[in-house]
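S.K.:
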Amino acid sequence: LVGPNGAGKTTLFRMIIGQEQPDEGQVSVDRGVTIGYFSQDVGDMGGLSAVAEVMEGAGPVSAVAAEMRELEHAMGDPERADEMDAIIERYGELQHRFEELDGYALDGRAREVLDGLGFSQEMMDGDVSKLSGGWKMRVALARILLMRPDVMLLDEPSNHLDLESLIWLEKFLKDYDGALLMTSHDREFMNRIVSKIIEIDAGALTSYSGNYEFYQEQRALADKQLQAQFERQQAMLAKEIAF
Numbered sequence: 050l051v052g053p054n055g056a057g058k059t060t061l062f063r064m065i066i067g068q069e070q071p072d073e074g075q076v077s078v079d080r081g082v083t084i085g086y087f088s089q090d091v092g093d094m095g096g097l098s099a100v101a102e103v104m105e106g107a108g109p110v111s112a113v114a115a116e117m118r119e120l121e122h123a124m125g126d127p128e129r130a131d132e133m134d135a136i137i138e139r140y141g142e143l144q145h146r147f148e149e150l151d152g153y154a155l156d157g158r159a160r161e162v163l164d165g166l167g168f169s170q171e172m173m174d175g176d177v178s179k180l181s182g183g184w185k186m187r188v189a190l191a192r193i194l195l196m197r198p199d200v201m202l203l204d205e206p207s208n209h210l211d212l213e214s215l216i217w218l219e220k221f222l223k224d225y226d227g228a229l230l231m232t233s234h235d236r237e238f239m240n241r242i243v244s245k246i247i248e249i250d251a252g253a254l255t256s257y258s259g260n261y262e263f264y265q266e267q268r269a270l271a272d273k274q275l276q277a278q279f280e281r282q283q284a285m286l287a288k289e290i291a292f
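In our numbering, the protein residues as written are 50 to 292.
This is the structure we're talking about:
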């Protein structure tokens, strides 16, 4: 998705996920389709490890994991000794559910994604609130990648990434079999990944098949044709005035 600043790229993303409503018409999404949205606004992060924060976006298993963490803290609280039997019983139920949802494999996949985005093991298990804004952005991106939704909306995913992480992300997105709509100022990155360009300008969408380089060529050709048409109209107008 390309267009000048202020053309409405982010607004279009927000309309697709229902955060904003169109002035007219409607946004239709097939029932059951999952959408993951990565934006430059990562929101508040804190209190969890980077791995846990990434797993938060993984659906029901993340809620089970969160309750398990709470019960683990409760087990170490002497003031809750009277509740220990109930806590242990509940923890056993959750552990069984966690295994059913393939939660332990999910932890491994979350670490694999974070590793691809440049995280050390220490950073993965450390408090996410202590990370810089750029690293928090990578955590937010990892959360969407781990989801593997049917549709991914990525707003400048290559920002804050070093070359090694960028190469890993490129391979990940090439292997991804869902629909991908993204914005990026990295033209080479786009050229290697996308197969269609949608231009948004003056409230209108124009679709071009091909990568960014092909789009630029087609755009230049269209501009040239418009200029030639304008010059013909001006020449005809001048003739009419002279007549």
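All C-beta atoms, glycine included, are put in the ideal place defined by N, C-alpha and C.
Which one of Q283, A99 and A291 has the shortest CA to CA distance from G175?
M.R.: A99
S.K.: Determine the extent of the beta strand (DSSP E) in which A321 is found, giving its start and end residues.
M.R.: Missing from the structure shown is residue 321; the chain here goes from 50 to 292 and no further.
S.K.: Which residues mark the beginning and the end of the alpha helix (DSSP H) in which V113 is found?
M.R.: P109 to M124
S.K.: Tell me whether the beta-carbon of V103 lies closer than 9 angstroms to the beta-carbon of F147.
M.R.: no
S.K.: Only counting runs of 4 or more residues, tell me where the alpha helix (DSSP H) segments fall wholly within the stretch 211-271, in order along the chain.
M.R.: The stretch 211-271 contains these whole alpha helix (DSSP H) runs: 212-224 and 236-242.
S.K.: Under 8 angstroms: do the stretch 191-206 and the stretch 217-235 share three or more Cβ pairs, one atom per stretch?
M.R.: yes
S.K.: How would you call M285, buried or exposed, if buried means at least 16 neighbouring beta carbons within 10 angstroms?
M.R.: With fewer than 16 Cβ atoms within 10 Å of its Cβ, M285 is classed as exposed.
S.K.: Leaving aside the five residues before and after R158 along the sequence, list all residues of the same chain whose C-beta is less than 8 angstroms from its C-beta, in chain order.
M.R.: Sequence-distant partners of R158 (beyond 5 residues in either direction) whose C-beta falls short of 8 angstroms from its own C-beta, in its chain, are L195.
S.K.: What does the alpha-carbon distance come out to for the pair V91 and D72?
M.R.: 27 angstroms
S.K.: Quick check on the burial criterion: 16 or more other C-beta atoms within 10 angstroms. Buried or exposed for V162?
M.R.: With 16 or more other Cβ atoms within 10 Å, it is buried.
S.K.: Does the pairing of the stretch 182-191 with the stretch 166-173 give three or more beta-carbon distances under 8 angstroms?
M.R.: yes
S.K.: Quick check: what's the CA-CA separation for E105 versus D224?
M.R.: Cα to Cα, the separation comes out at about 23 angstroms.
S.K.: Just list the residues that DSSP pairs M201 with in beta bridges.
M.R.: G85 and L229
S.K.: Once the 5 residues before and after E69 are set aside, which same chain residues still bring their CB inside 7 angstroms of it?
M.R.: Sequence-distant partners of E69 (beyond 5 residues in either direction) whose C-beta falls short of 7 angstroms from its own C-beta, in its chain, are T60 and R63.
S.K.: DSSP puts S98 in a beta bridge; with which residues?
M.R.: D176
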